[in-house]
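In this note's numbering, the protein residues as written are 65 to 444.
Here is the structure we will look at.
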Amino acid sequence: MNLRSKLPSVGTTIFTVMSKLASDVGAINLSQGFPDFECDPALVDAVARHMREGRNQYAPMQGVPALRQAIAAKYAALYGAVYDPDSEITVTSGGTEAIFDAVAAVVHPGDEVIVFEPCYDSYVPAIDVSGGRAVVISLRYPDYAVPWDEVRAAVTPRTRMIMLNSPHNPTATILGRSDMAELTRIVDGTDIAILSDEVYEHIIFDLARHESLARYEPLRARSFIVGSFGKTFHVTGWKIGCVAAPAALTAEFRKVHQFVTFSANTPIQHALAEFLAQGRGYPELSAFYERKRDLFLGLIAGSRWKPLRSRGTYFQLLDYSAITGEADMDFALRLTKEHGVASIPTSAFLYNAPAPPVLRFCFAKKDETLEAAASRLRDL
Ligand SMILES: Cc1ncc(COP(=O)(O)O)c(C=O)c1O
């Protein structure tokens with residue numbers, strides 16, 4: 065059979081590669097972004113209770129009403145944005161499904177989608193599968209600011225969508241008010257939709273304010289805003305996310321969602337609805353991870369690793385140019401095999417720009433894991 069791949073350049077993701085290597089060689093795994101500690105046991109109890117009480121069949125396609133209501137209430141309380149839980153909030157199987165569905169819902173063959181590299185690895189494949197063309201704009205090391213002039217120049221009549229991510233994986237930068245103003249000017253008067261990946265919205269440091277696109281009505285009116293409960297409640301394996309979008313966008317989004325997964329896991333949605341409605345988990349998350357960031361930075365202080373500023377997410381980029389001139393992938397592999405610490409090279413998130421001498425480390429780990437990893441890093 066002659067099989068023509070729709071994604072010929074896609075292989076196994078770097079996260080799978082590095083996590084497997086870490087486990088094969090017994091390295092400390094600071095590569096893939098997941099906590100090595102448990103979530104709140106009350107959340108597990110709540111899921112179990114809902115299972116025992118028989119909430120084990122298909123959830124409504126758009127999500128359990130209580131969870132959609134709690135999500136809408138959170139957007140109103142945090143960002144002053146009014147979303148109708150019935151027609152503007154959809155629960156998905158993680159942020160990944162939400163991103164895929166949003167792109168599939170609006171991108172037609174030949175449409176252009178502006179993405180910023182380094183970028184999360186699912187964006188460009190989602191565009192490719194829909195027959196769109198990713199227009200990749202580089203965020204440049206070391207400040208990784210959005211070059212808005214380049215964005216303005218890249219917009220054409222075929223531009224269908226701009227994809228944003230703040231707080232940003234892997235650079236740990238955040239977008240500010242001036243970015244929102246630039247973006248507003250660029251999309252004004254166009255038919256460009258925005259996908260704003262805000263899965264790390266509750267992990268933002270140094271008292272910065274999360275500039276959700278939901279805060280800015282002209283942007284909110286054309287945006288799919290993506291959230292993920294995995295990041296917020298330390299349960300990445302549960303794969304529950306959500307999308308907030310105006311009714312017309314949501315209607316198209318749901319046409320795709322209902323044939324991709326139909327609906328997300330029922331008992332977990334009920335448990336998350338309880339936690340969210342009670343305001344549990346997320347208000348203290350930034351302080352929780354800021355302490356871990358500071359612990360990690362304190363532990364490697366004085367070493368040859370040079371930290372870039374991490375303003376959000378649970379990632380820290382470290383510049384290794386004082387240690388070696390190796391390419392980031394080569395060094396990441398050697399660091400894992402010879403020094404027992406796994407990380408992610410940013411080249412895995414890049415399409416055009418040359419990879420700078422930095423590796424991404426995940427600090428969503430127990431203090432003792434960070435201490436053990438840092439002691440190995442300090443030896444280099
Ligand atoms: C920037 C970004 N977007 C989306 C996702 C996917 O979220 P989920 O695990 O809920 O599918 C991740 C997960 O690492 C991410 O880092």
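Here a beta-carbon is modelled for each residue, glycine too, at the ideal position from N, C-alpha and C.
Heavy atom of ligand 1 within 7 Å of residue i beta-carbon
i       : result
Tyr-184 : yes
Thr-160 : yes
Asp-455 : Here the chain has residues from 65 to 444 only, and residue 455 is not among them.
Ile-268 : no
Thr-296 : no
Ser-292 : yes
Asn-233 : yes
Thr-300 : yes
Gly-97  : yes
Lys-303 : yes
Val-263 : yes
Asn-93  : no
Ile-250 : no
Ile-408 : no
Ile-258 : no
Asn-329 : no
Ile-163 : yes
Asn-229 : yes
Straight-line Cα distance separating residue j from residue i
i       : j       : result
Phe-427 : Arg-442 : 16 Å
Met-82  : Ile-408 : 7 Å
Val-170 : Thr-314 : 11 Å
Asp-175 : Pro-99  : 37 Å
Tyr-139 : Asn-329 : 22 Å
Asp-252 : Ala-218 : 15 Å
Tyr-122 : Phe-293 : 19 Å
Pro-173 : Met-393 : 33 Å
Lys-430 : Tyr-143 : 31 Å
Leu-259 : Gln-126 : 19 Å
Arg-368 : Thr-220 : 45 Å
Thr-80  : Glu-152 : 34 Å
Cys-103 : Phe-339 : 12 Å
Gly-389 : Val-290 : 38 Å
Val-210 : Arg-286 : 20 Å
Ala-391 : Val-422 : 9 Å
Phe-320 : Ala-168 : Looking at the sequence shown, residue 320 is not Phe but Val. The straight-line gap from Cα to Cα measures roughly 7 Å.
Thr-76  : Thr-410 : 16 Å
Phe-379 : Phe-269 : 12 Å
Ser-186 : Ile-163 : 8 Å
Arg-357 : Ser-374 : 8 Å
Asn-416 : Pro-347 : 38 Å
Glu-246 : Ser-87  : 44 Å
Ile-178 : Val-200 : 6 Å
Leu-372 : Ser-202 : 17 Å
Thr-235 : Arg-116 : 42 Å
Leu-71  : Asp-192 : 7 Å
Span of the beta strand (DSSP E) around residue i
i       : result
Arg-224 : 223 to 229
Phe-288 : 287 to 292
Residues bridged to residue i [DSSP beta-bridge criterion]
i       : result
Leu-423 : Leu-382, Pro-409
Thr-156 : Gly-305
Ala-198 : Val-177
Asn-93  : Ala-406
Gly-376 : Ile-268
Range covered by the alpha helix (DSSP H) that runs through residue i
i       : result
Ile-364 : 349 to 364
Ile-191 : 187 to 193
Arg-318 : 311 to 324
Ala-257 : No alpha helix (DSSP H) contains Ala-257, which is instead part of the beta strand (DSSP E) from 257 to 261.
Ser-242 : 241 to 251
Leu-444 : Taken as a continuous stretch (DSSP letters only), Leu-444 belongs to no alpha helix (DSSP H), as it is neither H nor E.
Val-74  : Looking at the DSSP string, Val-74 is not in any alpha helix (DSSP H), and its letter there is neither H nor E.
Thr-237 : Element bounds for Thr-237: n/a, residue is neither H nor E.
Trp-369 : Unbroken run through Trp-369: none, as it is neither H nor E.
Pro-282 : 281 to 284
Residue i, DSSP secondary structure in three states
i       : result
Lys-429 : coil
Ile-268 : strand
Ile-387 : coil
Pro-338 : For the sequence presented, residue 338 should be read as Glu rather than Pro. If DSSP states are grouped into helix, strand and coil, Glu-338 belongs with the helices.
Ala-134 : helix
Leu-434 : helix
Ser-87  : helix
Ser-439 : helix
Tyr-208 : coil
Gln-126 : coil
Val-108 : helix
Thr-449 : No answer is possible for residue 449: it lies beyond the span of the chain, which begins at 65 and ends at 444.
Ala-218 : helix
Lys-70  : coil
CB contact below 8 Å: residue i versus chain D
i       : result
Asp-165 : In summary, chain D is missing from the structure at hand, where a single protein chain is found.
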